[in-house]
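>
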Amino acid sequence: MQVKDMMFDGHPHVLKAQQFSRSFAEKVFIPLSDRIQKMLAVRSCSHLLDGKGMISLFTAESTRTRGSEEIAFELLGGKVILSVPGAKFSSAMGKAESLVDTVRVLSDYCADVIVVRNDSDTEMPIAEIAERIQTPIINAGDGADKDKQHPTQALLDLYTIHTYLGAIDGISVAMIGDLKNGRTVRSLCYLLAKWKIGKLYLVSPPGLEIGTDIKEYLAKHNVDFAECNDIRDVAGKVDVFYQTRTQTNLGSAAVDRNDPKNGFTIINGEVVRMAKEDAIIMHPLPCLGEIVRAEVDGDHRAVYIDGHKGKPSQLKCGLITRMAGHLLVVSPEVACSLL
Amino acid sequence: MQVKDMMFDGHPHVLKAQQFSRSFAEKVFIPLSDRIQKMLAVRSCSHLLDGKGMISLFTAESTRTRGSEEIAFELLGGKVILSVPGAKFSSAMGKAESLVDTVRVLSDYCADVIVVRNDSDTEMPIAEIAERIQTPIINAGDGADKDKQHPTQALLDLYTIHTYLGAIDGISVAMIGDLKNGRTVRSLCYLLAKWKIGKLYLVSPPGLEIGTDIKEYLAKHNVDFAECNDIRDVAGKVDVFYQTRTQTNLGSAAVDRNDPKNGFTIINGEVVRMAKEDAIIMHPLPCLGEIVRAEVDGDHRAVYIDGHKGKPSQLKCGLITRMAGHLLVVSPEVACSLL
Amino acid sequence: MQVKDMMFDGHPHVLKAQQFSRSFAEKVFIPLSDRIQKMLAVRSCSHLLDGKGMISLFTAESTRTRGSEEIAFELLGGKVILSVPGAKFSSAMGKAESLVDTVRVLSDYCADVIVVRNDSDTEMPIAEIAERIQTPIINAGDGADKDKQHPTQALLDLYTIHTYLGAIDGISVAMIGDLKNGRTVRSLCYLLAKWKIGKLYLVSPPGLEIGTDIKEYLAKHNVDFAECNDIRDVAGKVDVFYQTRTQTNLGSAAVDRNDPKNGFTIINGEVVRMAKEDAIIMHPLPCLGEIVRAEVDGDHRAVYIDGHKGKPSQLKCGLITRMAGHLLVVSPEVACSLL
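Encoded structure:
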């Protein structure tokens, strides 16, 4: 299957943003997502995965990600045959087993795909677990991997940018906030490096700079990037504001944003007023204060929850691209037939 | 749509007991529930919501309410496309976001209705959240609102009374227990005030009396009510015993029922022996000692778990009326066609 | 219905391993499971329970058991209309009600079967709860009963043994580990006693010996058994190694396996090398160190997670037999038609 080869580095899983080529994104993923967006509007896609089953296994609840993965599958006609919203329950009962064992157990239960979220850094990385089983795995966020990743988020972010700006080449992006432990930022950097983007600004408080591994990757792929710690210095130059929260659940210390030593890494009315007219403001959510919602929510550039100009919000792009991902993983031939 | 107008104060949501008129209850809700009761018995209603999707979002688990809302939807042929039984999980991971944001996120996920339970008093009231989204919301219990409400419980209670007593006008009701924080009692008072009931006895331990707002509402609607703290004083006069537990989860202090200062607000064999032959004993459950189960459960007047005379229990009335509610919210034209 | 009579001691529930006769196992349960195994491989069983609904109620999460019960039902075309993965949520909110009340509540919600796991020893035993309701109950593990049981696990274990060894008569079995509180061991003893097995070795650390009630039962049924505390003494003689974890969640103290006073009750490479070529190593999982996985997992005799020789793993046998169980409980006439 040609499409399958393009998407998956020779395996059936969605594991890391690096596995997706520019060609795959442009010829398969974005057109397929566009098609699904139109079908979803008239609900004409609700039998594409009839008879297929999905399992979701989250070591910690994530209403957004679990929600959109499960609903995406159900809207295609599939069944979520098992949902485990917080696998640590077992642990609380003194019956904890390793994540890899749990996934191996579930892989024997006839699902067509298993969506896994891992927020613990003591478990085997999802990419290694995937090598041990046959059932396709979708990495819905891995905090264990030293190469922390959230590849489905990167795909939805890419699709959001493409939807609003019409292109990836040439755009300038500011990644803002906790770039050290934010796995969405890491995955999005890997993916954007496949294009010739304009400038990439990495805006973080001191101590939460992006990892050296990412900087080396960006340099190797000739991405023009710069680091700073005040978003106001670059706000007028960027097409995409990609704001993120401090990942206290993945090991980052909380940041006192009132301390000037920590730079200026929030988006408020002041930043919005500096922004280009057709820039967009994105956030993977949840948002915990790093966007001053009262000053930003209503602006036409804020696309994280509300869409504008008849286009889907970033959230809705997540639902659409996860539908595309499920189709490609579970029924690539059906996905092909829609292109 | 005429029915829709009757049910919903000009919006598509189920938010407060006050929004339902007597005319809506008598001409639409009760006949529809009767019809569903018959269809359910022969399982002829299992395709009425084919292709429709529901999301349930509970900040704290409630097996009963979540169970009957979800099962009601599934029994009509719909799909529960996402179930979040305890939204505070996120909070435990330091990722807590506001309830309003979570509902806004979920409202972008193509559900036809979102059922929300909120047990926290620091979140935005469900009725205010509903103003910010398009997807219909069903309030499955709100502890945030200063006007604490549980409107679907009020509807099921009304239907139970009507099922057993054949009328609402003229009946006398004793509300017993924690009337201060019990949202089911508050919602039922709002609803019963639309009829000309007989006498309403408000029987609570000192300190847990019903709020002034409700008393003012009752007075304004010419409901004849009296307060006391010993159910035995009025047990022989009432048609409906509506017993409730102390709402320690909503802020009430536990009550020592052995202390005579706290009055007598339980139902035991003694109270049952005083009761009219055709009275009914109701409880929204869970029951935590305020009914002496060993002395009351077997009595033909106790309808909270077991039905009598071929009629559904209060619990089963909950399932039936939640099916009616889903139909009215999601497919009012289908609901109409059944009348 | 003849089949129903064979399976269920005159009631519609799955409660205790003793209720299944040898004749039922050989003429109904094993052939039905074989049939389902073949149907599952080609997915030709996915409409056998169309229109049927299941509820699962677990007082503590068990990914494995809840997963296989729910997926088994869904793979047959049924719907899990409500899943309660941790009924103690209510408790945390100060609204705890008894398990029997919760089951009674759920039994009024139109399910065709309720699967119940109870890990608390303060609740009414599942077998007594079942006497109070009409809806069929499947006991998915009961820790409350003084006669602790896990009958569906016993059925899957029996089927695994039969699948690999072709017979039950004549085989020798070593039960290893915490035999005092391990409910899977107790249930499997009850079931195996219906055959003429070879020798039964009960291998436990001192203090975790099997209960007197089981020993009396075995003696009464002429099972030849012996107790010891070093698996190496009997490893060369047994056909089935049935390893179990220490049930700290059901009241057992943790065992220091490095202390020689505690005997030798693990399976490692040394034990495997002593084992017969066609023996099998089983474990109900989760495994918490009592099998040295790095030394045992790859061996062809280890069947707990991986199957061998084209045969299903013990886990997969669980899925298959739970499908058989659901069919027998919910639609015995359909089950019959497959034999």
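Chains as they are written, first to last, in the numbering used here: chain A, 1 to 339; chain B, 340 to 678; chain C, 679 to 1017.
Backbone N, C-alpha and C fix where the C-beta goes; we use that ideal spot for every residue, glycine too.
Using 8 Å as the limit for Cβ to Cβ distance, is A:Gly251 near chain C?
By this cut-off, A:Gly251 is not an interface position.
> What residues of chain C sit near B:Ile644, judged by a beta carbon separation below 8 Å?
The contacting residues are Asp779, Arg782, Val783 and Asp786.
> Taking Cβ to Cβ, would you say B:Val577 is nearer than 8 Å to B:Tyr540?
Closer than 8 Å, so yes.
> Along the stretch 47-73 of chain A, where does the CB come closer than 9 Å to a CB of chain C? Name the residues.
From the stretch 47-73 of chain A, only Gly51, Gly53, Ile55 and Leu57 have a Cβ closer than 9 Å to chain C.
> Taking only three categories from DSSP, how would you classify C:Thr702?
Just to set this straight, residue 702 of chain C is Phe in the shown sequence, not Thr. In this structure, C:Phe702 counts as helix in the three-state DSSP scheme.
> Please report whether the beta-carbon of A:Leu319 lies at a distance below 8 Å from any beta-carbon of chain C.
By this cut-off, A:Leu319 is not an interface position.
> Report buried or exposed for B:Glu438, applying the criterion of at least 16 other Cβ atoms within 10 angstroms of its Cβ.
First, the amino acid is wrong: residue 438 of chain B is Leu here, not Glu. With 16 or more Cβ atoms within 10 Å of its Cβ, B:Leu438 is classed as buried.
> Check whether the stretch 309-325 of chain A and the stretch 17-36 of chain A touch, using three or more Cβ-Cβ pairs below 8 Å as the test.
Output reads yes: the stretch 17-36 of chain A touches the stretch 309-325 of chain A.
> I believe A:Gly143 touches A:Asp121 by the beta-carbon criterion, under 8 Å. Please report the beta-carbon distance rounded to the nearest angstrom.
Rounded, the Cβ-Cβ distance is 6 Å, consistent with contact.
> Using 8 Å as the limit for Cβ to Cβ distance, is A:Met93 near chain B?
A caution first: A:Met93 carries a pLDDT of 39, below 50, which makes its placement in the model unreliable, though a value can still be read off. Taking Cβ atoms only, chain B never reaches closer than 8 Å to A:Met93, which makes this a no.
> Quick one: what's got a C-beta closer than 8 Å to C:Gly947's C-beta in the same chain, skipping five residues either side?
Hits under 8 Å: Val970, Glu973 and Val974.
> If distances are taken between C-alpha atoms only, which option among A:Asp233, A:Lys199, A:Gly207 and A:Pro205 comes closest to A:Asn222?
Out of A:Asp233, A:Lys199, A:Gly207 and A:Pro205, A:Lys199 has the C-alpha closest to the C-alpha of A:Asn222.
> Output the residue ranges of the beta strand (DSSP E) runs that lie fully inside the stretch 398-479 of chain B and measure 3 residues or longer, sorted by chain position.
You should have 418-423 and 452-457.
> Closer than 9 Å, Cβ to any Cβ of chain B: which residues of the stretch 877-893 of chain C, in chain order?
Within the stretch 877-893 of chain C, no residue has a Cβ that lies closer than 9 Å to any Cβ of chain B.
> Quick one: measure Cβ to Cβ for C:Gly764 and C:Phe736, integer angstroms, because I've assumed they're closer than 8 Å.
Indeed, because the Cβ distance is near 7 Å, the residues count as touching under 8 Å.
> Determine the direct distance from the alpha carbon of C:Ala789 to that of B:Cys384, and round the result to whole angstroms.
The straight-line gap from Cα to Cα measures roughly 15 Å.
> Only counting the same chain, and skipping five residues up and downstream in sequence, which positions put a Cβ closer than 7 Å to that of C:Gln925?
Once the five neighbours on either side are set aside, the close Cβ partners of C:Gln925 are Asp856, Asn859 and Gly860.
> Does the Cβ-Cβ distance between C:Met960 and C:Thr838 come in under 8 Å?
In contact: C:Met960 and C:Thr838 (Cβ atoms closer than 8 Å).
> Whole angstroms are fine: how far does the CA of A:Asp157 sit from the CA of C:Ser769?
Only weak support exists for where C:Ser769 lies, its pLDDT of 39 falling under 50; the value from the coordinates is given anyway. Their backbone Cα atoms lie some 40 Å apart in a straight line.
> Is the Cβ-Cβ distance between A:Glu290 and A:Arg245 less than 8 Å?
In this structure, A:Arg245 lies closer than 8 Å to A:Glu290 by Cβ.
> My understanding is that C:Tyr920 touches C:Ala852, with C-beta atoms under 8 Å, so please give their C-beta distance in whole angstroms.
Contact flag correct, Cβ pair sits at about 7 Å.
> Kindly say whether C:Lys987, judged by its beta-carbon, lies nearer than 8 Å to any beta-carbon of chain A.
Chain A, which has no Cβ nearer than 8 Å to the Cβ of C:Lys987, makes this no.
> Buried or exposed, going by whether 16 or more other CB atoms sit within 10 Å of the CB of B:Lys655?
Label assigned to B:Lys655: buried.
> Rounded to whole angstroms, how far is the Cβ of C:Arg713 from the Cβ of C:Leu1016, which I believe are closer than 8 Å?
Contact flag correct, Cβ pair sits at about 5 Å.
> When we look at the beta-carbon of B:Phe428 and count the other beta-carbons within 10 Å, is it buried (16 or more) or exposed?
Low per-residue confidence applies at B:Phe428: pLDDT is 36, beneath 50, and the placement is therefore not dependable, though the value from the model is reported in the following sentence. Counting Cβ neighbours within 10 Å, B:Phe428 comes out buried, since at least 16 surround it.
> So within the stretch 921-987 of chain C, which uninterrupted alpha helix (DSSP H) runs reach at least 4 residues, ignoring any that extend past its ends?
For the stretch 921-987 of chain C, whole alpha helix (DSSP H) runs of length 4 or above, ordered along the chain, are 947-952 and 971-974.
> Check C:Phe707 in the structure and name its three-state DSSP category.
Residue state, collapsed to three classes: helix.
> Give the single residue among B:Leu415, B:Gly575 and B:Pro351 whose Cα lies nearest to the Cα of B:Ser372.
Considering only alpha carbons, the answer is B:Leu415.
> Quick check on B:Gly657: does DSSP put it in helix, strand or coil?
Of the three classes helix, strand and coil, the one that applies to B:Gly657 here is helix, per DSSP.
> Closest by CA to B:Val452, which one among B:Val669, B:Leu547 and B:Val673?
Nearest C-alpha to B:Val452: B:Val669.
> Whose Cβ in chain A lies nearer than 9 Å to the Cβ of B:Val423?
Correct list: Glu61, Thr63, Arg66, Gly67 and Pro85.
> Should C:Gln831 and C:Thr780 be called a contact, given that it needs their Cβ atoms to be closer than 8 Å?
Not in contact: C:Gln831 and C:Thr780 (Cβ atoms no closer than 8 Å).
> In whole angstroms, give me the CA-to-CA distance for C:Ala932 and C:Thr943.
Their Cα atoms are separated by approximately 13 Å.
> Which value, in whole angstroms, describes the spacing of the CA atoms of B:Gln332 and B:Val419?
Nothing about residue 332 of chain B can be reported from this structure: the residues present for chain B run from 340 to 678 only.
> For C:Ser991, return the contacting residues in chain A, with the cut-off set at a CB-CB distance below 9 Å.
By Cβ distance, chain A contributes Asp108.
> What do you get for B:Asp389, buried or exposed, if any count of 16 or more other CB atoms within 10 angstroms of its CB means buried?
With fewer than 16 other Cβ atoms within 10 Å, it is exposed.
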